[in-house]
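There are 2 protein chains.
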Amino acid sequence: MAKEKPDLVYGTLDMLILKALQHNPRHGLGIADRIQQMSQDILRVEQGSLYPALYRLEAQGWITAEWGVSDNNRKARYYKLTSAGRKQLAAEKDHWLRITKGIDLVLSGT
Amino acid sequence: MAKEKPDLVYGTLDMLILKALQHNPRHGLGIADRIQQMSQDILRVEQGSLYPALYRLEAQGWITAEWGVSDNNRKARYYKLTSAGRKQLAAEKDHWLRITKGIDLVLSGT
DNA sequence: CTTTCAAGCCTAGACAGTCTTGGTAAAGAA
DNA sequence: TTCTTTACCAAGACTGTCTAGGCTTGAAAG
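Taken in sequence, the protein lines are chains A and B. Letter by letter, the first sequence follows residues 17 to 126 in the numbering used here. Letter by letter, the second sequence follows residues 17 to 126 in the numbering used here.
What follows is the structure, given as structure tokens:
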């Protein structure tokens, strides 16, 4: 009955989404699948986290969206990275590497 | 005026505190100092995060507390890791390593 | 001795991001 | 027709951190 820890680290989802969009536009669920796949199934993105994150990113101007049609012939909203989004991705990655370095220093200390 | 990202990764503070107590008991501010020092000043722990975290950990039975006197001759509450706390530390560390591996896989993907 | 400062503990409330749970619409299969 | 799957969306709960205060007390400064 142990409480499960979440599948994500709070605050990293934006970065992961931006990364998933690095090369191709993708639609919402496609982004979630992509993150799960790239992480070798370690990470899972719930829809209730995904969509709010997408709106955040769009509101910040880091991604843009337009309606299209998915591989399965369903209507789907495709998101694409903007150039500001690329900069943001780089910044978040830097921050992530810095902080995790700090944490690893603590964890590996005696 | 860029919004600063926090000094901590949400959800890691408990683990860091447990780690800081691994060898010696310490009092609250001493724990915060220890984390900052071990992380080479990358991480900072605000008091408003620290004390709630200590109560959480105590309530879970992962640490115990007793009043004592600090090096500066002030009264201070000293916290000590329990054996359940050690197990918890190991579990959280495993979880952390697993999730960060997932994130790194995504970030390093093409 | 009185004032100031720092150490140490503590709390309330705001806030942000994720999760749970629910829903809708439409394509294709049975 | 009904059912399943894909895809999007929203409301509210929850959790952990941060901001901004406040209290007490020992020591140092004047």
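For glycine and all other residues, C-beta sits at the position ideal for the given N, C-alpha and C.
A check of alpha carbon separations from D30 of chain A across A:A48, A:D120, A:H39 identifies A:A48 as the nearest.
Contacts with chain A (Cβ-Cβ distance below 8 Å) from the stretch 44–66 of chain B involve I51, M54, S55, Q56, I58, L59, listed in chain order. Below the 8 Å Cβ cutoff, chain B contributes V25, Y26, G27 as neighbours of Y26 of chain A, in chain order. The beta carbon of L97 of chain B sits no closer than 7 Å to any beta carbon of chain A.
Close CB contacts of A75 of chain B within its chain, under the 7 Å cut and outside five residues either way in sequence, are absent.
Scanning its chain for C-beta atoms nearer than 7 Å, with the 5 sequence neighbours on each side dropped, one finds around R60 of chain B the residues D23, Q52, in chain order.
Contact annotation, G84 of chain B with A92 of chain B: C-beta distance approximately 6 Å; criterion of less than 8 Å satisfied. Cα atoms of A107 of chain A and I119 of chain A: separation of roughly 18 Å, rounded to the nearest angstrom. Here the alpha carbon of V122 of chain A sits roughly 7 Å from the alpha carbon of L32 of chain B. Only K109 from the stretch 99–110 of chain B bring a Cβ to less than 7 Å from some Cβ of chain A.
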